[in-house]
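Residue numbers (UniProt numbering): 1 to 208.
Encoded as structure tokens, the structure appears first; notes follow it.
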């Protein structure tokens, strides 16, 4: 049997290298998708519904064809950004359970929600289109966010740090009201101050 030449890999080498390229392509695709989502969040937050997908592709450093392979429509991209933000808020709540001060953990989570609302404001019209007929999108958001803030509230109340008569829905309604009643430039800084006042108002005064 003729030995393989120096230029030709052996069968064993070919078998070993075979899966490498597909794996690399899959890893590249995952990275590109995450870059597009991160860029879309920034672009949509700044430019609203008129922000172009070309601007998202430029921000992500990918070609427009790559963007369309992952997200064939503007609505599909908006929905993916929205779901990603909600998931990250859920993950943040889990991480904040380890914070020593439960009230500050709640404050930090609410601050992060202000940035989420800024993104959502920029996508409001397209999200309405994306969500039309998709009750699962609203249900997903409601369940994930109420569970997240509910866990932080329960811990703070159990330790006697905040009032126990305020629920997750109360917190989210108050946050939404603060965010959507402020549309002027610099509204986020104003809302963050209001959030701080709101959280301080939830505290149980120390017994003297």
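Glycine is no exception: its CB is placed at the ideal position from the N, C-alpha and C atoms.
For clarity, every value in this text was computed on a predicted model and none was experimentally measured.
Worksheet item: In three-state terms, what does DSSP make of residue 161?
Response: Numbered from its first residue, the chain shown carries residue 161 at position 161. In the three-state scheme derived from DSSP, where H, G and I count as helix and E and B as strand, residue 161 is classed as coil.
Worksheet item: How would you label residue 117, buried or exposed, when you count the other beta carbons within 10 angstroms and need 16 or more for buried?
Response: The residue given as residue 117 occupies position 117 in the chain shown. Buried.
Practice prompt. Return yes when the Cβ of residue 55 is within less than 7 Å of the Cβ of residue 43, no when it is not.
Written response: By 1-based counting over the chain shown, the position of residue 43 is 43. By 1-based counting over the chain shown, the position of residue 55 is 55. Yes. Within cutoff.
Worksheet item: If we count the other Cβ atoms within 10 Å of its Cβ and call it buried at 16 or more, is residue 52 buried or exposed?
Response: By 1-based counting over the chain shown, the position of residue 52 is 52. Exposed is the call here.
Item to complete: Whole angstroms is fine: what's the gap from residue 114's alpha carbon to residue 72's?
Response: Here residue 114 corresponds to residue number 114 of the chain shown, with the count starting at 1. Here residue 72 corresponds to residue number 72 of the chain shown, with the count starting at 1. Rounded to the nearest angstrom, the two C-alpha atoms are 28 Å apart.
Discussion item. Closer than 8 Å is the cut-off here; do at least three beta carbon pairs connect the stretch 92 to 105 with the stretch 179 to 186?
Written reply: No: the two stretches stay apart, fewer than three of their Cβ pairs being nearer than 8 Å.
Item to complete: Count the C-beta pairs between the stretch 140 to 156 and the stretch 182 to 193 that are closer than 8 Å, then say yes if the count reaches three, no if not.
Response: Touching, no.
Practice prompt. Using three-state DSSP, classify residue 207 as helix, strand or coil.
Written response: Locating residue 207 in the chain shown gives position 207, where the first residue counts as 1. Note: residue 207 maps to coil in three-state DSSP.
Worksheet item: Mind checking whether residue 204 and residue 160 have CB atoms under 7 Å apart?
Response: For the purposes of this step, residue 204 is taken as the residue at position 204 of the chain shown. For the purposes of this step, residue 160 is taken as the residue at position 160 of the chain shown. Contact: yes.
Discussion item. Under DSSP, the alpha helix (DSSP H) around residue 198 begins and ends at which residues?
Written reply: Taking the chain shown and counting its residues from 1, the one referred to as residue 198 is at position 198. If you look at residue 198, you'll find it in the alpha helix (DSSP H) that goes 187 to 202.
Item to complete: Give the DSSP-derived three-state secondary structure of residue 32 in the structure shown.
Response: Locating residue 32 in the chain shown gives position 32, counting from the first residue. Three-state DSSP puts residue 32 in a helix.
Discussion item. So, with DSSP's three-state summary, where would you put residue 181?
Written reply: Numbered from 1 along the chain shown, position 181 holds the residue referred to as residue 181. In the structure shown, residue 181 adopts coil according to DSSP, grouped into three states.
Worksheet item: Which of the three DSSP states, helix, strand or coil, is assigned to residue 45?
Response: Residue numbering aside, residue 45 sits at position 45 when the chain shown is read from its first letter. Reduced to three states, the DSSP call for residue 45 is helix.
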